[in-house]
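In what follows, a structure is listed as structure tokens, so that the remarks can point back to it.
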Amino acid sequence: MNTQTSLKAFQFQPHELPQKLLQHSEPSQNGYWEFRLRDTDTVLYLAIACNRVVFAGNRRLSWSALLQGLQRYVTLLRTPASREAIAALEKNTEHETLSKTLHILENTIKLSHQLVIDALQSQILMVCDQIWEGAGFASFIPDLEPLMQTPISGMSLESLVTHTHTRHQDWSLLKAVIPSMEAIPILNPTALAKSNLSPEQKQQIEKLTGLGKSLNTVAQITAKDPLVTAKTFANLVRSGLVSLQIPSELAPKKASQPELFIVDDSPIFLQQFRSLVSSWGYKVNVCSTTETAVETAILLQPDVIFLDINMPGLSGFDLIKAMRREAQLTQKKLVLLTAENSLSNQWRAKWGNCKFLAKPRTPEDIQSFQVELKQLLNEKVTLAA
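For the sequence shown, UniProt numbering assigns the number 1 to the initial residue and increments by one for each residue that follows.
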């Protein structure tokens with residue numbers, strides 16, 4: 001019986017997910033982990049049967065999703081004959097389980113079941129490479145479908161975490177040579193002609209570079225794990241046989257505009273602050289209530305947060321405590337604003353690992369406030385050149 005009730009849910013930052021998944025796993029867990037990645041709006045799934053990962057992709061486990069994953073890694077399934085066999089099979093096995101349908105297909109086109117296992121495990125690892133690097137929101141949805149439908153026994157979460165940790169180390173080492181899998185390999189024909197490679201190897205390199213496609217696309221065409229493709233081309237780049245062309249949209253960009261977030265119940269001060277600081281080149285987000293301040297800060301992830309000490313509801317010091325309890329805000333730079341330039345407030349701000357900035361109380365104070373604010377921002381964040 002299926003249910004859409006979410007058992008567990010949590011937010012995660014880059015590289016936090018493996019440990020959090022282990023913490024939230026249970027021996028008899030069946031269903032789907034759904035991951036919504038923050039920066040790309042991507043949704044990915046891990047299908048779980050008896051706490052083992054049996055499938056991964058941008059859809060839940062189904063025949064079409066399973067077939068798509070297999071065709072990514074098994075070239076036999078891309079042939080016209082196999083496509084005809086698949087079409088005929090789909091007409092006659094509509095109500096069969098995925099496991100039985102796949103078993104029939106294996107017998108029909110002489111597809112090794114071990115090849116199926118290897119392909120699905122490669123798919124799981126490739127998806128996890130993407131999830132592990134991201135930040136976002138995870139939720140578990142109980143469902144018996146993965147248990148009833150899976151054609152493989154899958155990987156334990158512990159084994160998956162170990163494998164993906166090793167892969168992360170490999171990717172990190174490759175980064176200097178392969179900055180992006182969207183890079184396009186360009187052949188150096190002179191270097192290739194002088195190399196000691198066999199004619200077959202030279203022909204293969206010419207064929208792959210002649211596609212004019214990105215490394216990601218080359219990996220898909222050749223049905224290879226992206227990591228294997230990256231390692232292959234890293235060796236070719238190091239040997240001078242190939243260079244990489246980085247698409248212009250992926251070329252290094254200037255530093256993004258630093259972002260500030262200010263919480264204050266004075267509309268006039270908020271307007272003046274935003275006008276002044278925006279003129280210096282900073283992006284300014286404002287909030288006039290403490291009720292939504294923490295949630296907004298988590299969402300915006302600003303470079304610096306300014307908090308008014310004296311506000312209705314939570315004080316600035318209470319907000320500090322609330323923000324420091326949130327994993328996404330513990331390292332954020334905080335600045336306390338107040339018209340009460342007292343030693344006790346300065347001491348409390350220092351205790352909260354914050355900076356202290358006194359608001360101008362008279363027109364004569366405005367210039368000194370602007371100078372102190374400018375100096376503080378220069379210390380905290382750097383504007384793009």
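Where is the CB? At the ideal position from N, CA and C, for every residue including glycine.
Please go through the same chain and pick out, in chain order, the residues whose beta-carbon is closer than 8 Å to the beta-carbon of residue 231, but skip the five residues on each side of it.
Here residue 231 corresponds to residue number 231 of the sequence shown, with the count starting at 1. Here the set comprises 170, 174.
Would you call the segment 226–243 and the segment 256–263 touching, i.e. three or more CB-CB distances under 8 Å?
Contact between the segment 226–243 and the segment 256–263 is not established, with fewer than three Cβ pairs separated by less than 8 Å.
Hey, how far is the Cα of residue 349 from the Cα of residue 356?
Mapped onto the sequence shown, residue 349 falls at position 349. Mapped onto the sequence shown, residue 356 falls at position 356. Confidence at residue 349 is low in this model, with a pLDDT of 48, below 50, so the placement of that residue is unreliable and no value is reported for it.
With distance defined between alpha-carbon atoms, name the residue in 91, 55, 332 nearest to residue 117.
For this step, residue 117 is matched to residue 117 along the sequence shown. Checking every option, the nearest Cα to that of residue 117 belongs to 55.
Does the separation of the CB atoms of residue 329 and residue 354 fall below 8 Å?
By 1-based counting over the sequence shown, the position of residue 329 is 329. By 1-based counting over the sequence shown, the position of residue 354 is 354. The answer is no: Cβ separation not under 8 Å.
Can you find at least 3 beta carbon pairs, one from the segment 88–105 and one from the segment 23–33, that sit closer than 8 Å?
Fewer than three Cβ pairs drawn from the segment 88–105 and the segment 23–33 lie within less than 8 Å of each other, which leaves the two stretches out of contact.
May I have the straight-line CA-CA distance separating residue 68 from residue 150, to the nearest angstrom?
Indexing the sequence shown from 1 puts residue 68 at position 68. Indexing the sequence shown from 1 puts residue 150 at position 150. Computed Cα separation, rounded: 15 Å.
Please look up how many angstroms separate the CB atoms of residue 154 and residue 52, rounded, as I've assumed it's under 8 Å.
One-based indexing of the sequence shown puts residue 154 at position 154. One-based indexing of the sequence shown puts residue 52 at position 52. The beta-carbon distance between residue 154 and residue 52, rounded to whole angstroms, is 4 Å. This is short enough to meet the 8 Å contact definition.
Rounded straight-line distance, which links the Cα of residue 146 to that of residue 3
Within the sequence shown, numbered from 1, the residue matching residue 3 stands at position 3. Within the sequence shown, numbered from 1, the residue matching residue 146 stands at position 146. Interpretation of residue 3 is limited by its pLDDT of 43, a score under 50 that renders its predicted location unreliable; the figure taken from the coordinates is listed afterwards. Taking the straight line from one Cα to the other gives about 13 Å.
Who pairs with residue 123 in a beta bridge, going by DSSP?
Along the sequence shown, one-based indexing puts residue 123 at 123. The partner list for residue 123 (beta bridge, DSSP) is empty, contrary to what the question assumes.
Drop a sphere of 10 angstroms on the beta-carbon of residue 327, count the other beta-carbons inside from all chains shown, and report buried for 16 or more, exposed for fewer.
Here residue 327 refers to the residue found at position 327 of the sequence shown. Exposed, since its Cβ has fewer than 16 Cβ neighbours within 10 Å.
Three or more C-beta pairs below 8 Å linking the segment 291–301 and the segment 358–375:
Contact between the segment 291–301 and the segment 358–375 is absent: fewer than three C-beta pairs spanning the two stretches fall below 8 Å.
Tell me, please, which residues DSSP counts as bridged to residue 308.
Looking up residue 308 in the sequence shown gives position 308. Per DSSP, 337.
Note the first and the last residue of the continuous alpha helix (DSSP H) segment covering residue 372.
Looking up residue 372 in the sequence shown gives position 372. 365–380 is the extent of the alpha helix (DSSP H) around residue 372.
Whole angstroms is fine: what's the gap from residue 21's alpha carbon to residue 325's?
For this step, residue 21 is matched to residue 21 along the sequence shown. For this step, residue 325 is matched to residue 325 along the sequence shown. When rounded, the distance between both Cα atoms is 21 Å.
So what's residue 128 in DSSP terms, helix, strand or just coil?
For the purposes of this step, residue 128 is taken as the residue at position 128 of the sequence shown. Helix at residue 128.
Residue 107 by DSSP, collapsed to three states: which one?
Translated into the one-based positions of the sequence shown, residue 107 becomes position 107. Reduced to three states, the DSSP call for residue 107 is helix.
Around the Cβ of residue 127, are there at least 16 other Cβ atoms within 10 angstroms (buried) or fewer (exposed)?
Here residue 127 is taken as the residue at index 127 of the sequence shown, counted from 1. Its Cβ being crowded by 16 or more others within 10 Å, residue 127 is buried.
Taking DSSP as the reference, what is the three-state secondary structure of residue 13?
Position 13 of the sequence shown holds residue 13. If DSSP states are grouped into helix, strand and coil, residue 13 belongs with coil.
Note the first and the last residue of the continuous beta strand (DSSP E) segment covering residue 187.
In the sequence shown, counting from the first residue as 1, residue 187 sits at position 187. Run containing residue 187: 184–187, per the beta strand (DSSP E) assignment.
So, does the segment 189–198 touch the segment 156–172, judging by three or more C-beta pairs under 8 Å?
no
C-alpha gap between residue 305 and residue 26, whole angstroms
In the sequence shown, the residue the question calls residue 305 occupies position 305. In the sequence shown, the residue the question calls residue 26 occupies position 26. Pairing residue 305 with residue 26, the inter-Cα distance amounts to about 39 Å.
What is the DSSP secondary structure of residue 155, counted as helix, strand or coil?
What you label residue 155 is simply residue 155 of the sequence shown in a count that begins at 1. It is a strand residue.
The segment 128–139 / the segment 104–111 touching (three or more Cβ pairs under 8 Å):
In short, these stretches do not touch, since the Cβ pair count stays below three.
Closest Cα partner of residue 75 within the set 109, 125, 89:
By 1-based counting over the sequence shown, the position of residue 75 is 75. Comparing Cα-Cα distances from residue 75 to each of 109, 125, 89, the minimum goes to 109.
Within 10 Å of its beta-carbon, does residue 218 have 16 or more other beta-carbons around it, so buried, or fewer, so exposed?
Mapped onto the sequence shown, residue 218 falls at position 218. Under this definition residue 218 is a buried residue.
Around the Cβ of residue 316, are there at least 16 other Cβ atoms within 10 angstroms (buried) or fewer (exposed)?
Here residue 316 refers to the residue found at position 316 when the sequence shown is read from its first residue. It counts as buried.
Secondary structure, beta strand (DSSP E): runs of 3+ residues fully inside the segment 17–74:
31–37, 43–49, 52–57
Contacts around residue 247, its chain only, beta-carbon distance under 7 Å, and the 5 residues preceding and following it disregarded
The residue you call residue 247 lines up with position 247 of the sequence shown. For residue 247, where only same-chain residues beyond five positions count, the Cβ hits under 7 Å are 182.
Between the CA atoms of residue 47 and residue 120 - distance to the nearest angstrom:
Numbered from 1 along the sequence shown, position 120 holds the residue referred to as residue 120. Numbered from 1 along the sequence shown, position 47 holds the residue referred to as residue 47. Cα to Cα, the separation comes out at about 12 Å.
Reducing DSSP to helix, strand and coil, say where residue 259 ends up.
Taking the first residue of the sequence shown as position 1, residue 259 is located at position 259. Strand, per DSSP.
Using the DSSP secondary-structure output, state which residues sit across from residue 287 in a beta bridge.
For the purposes of this step, residue 287 is identified with residue 287 of the sequence shown, where counting begins at 1. Residue 287 pairs with 263.
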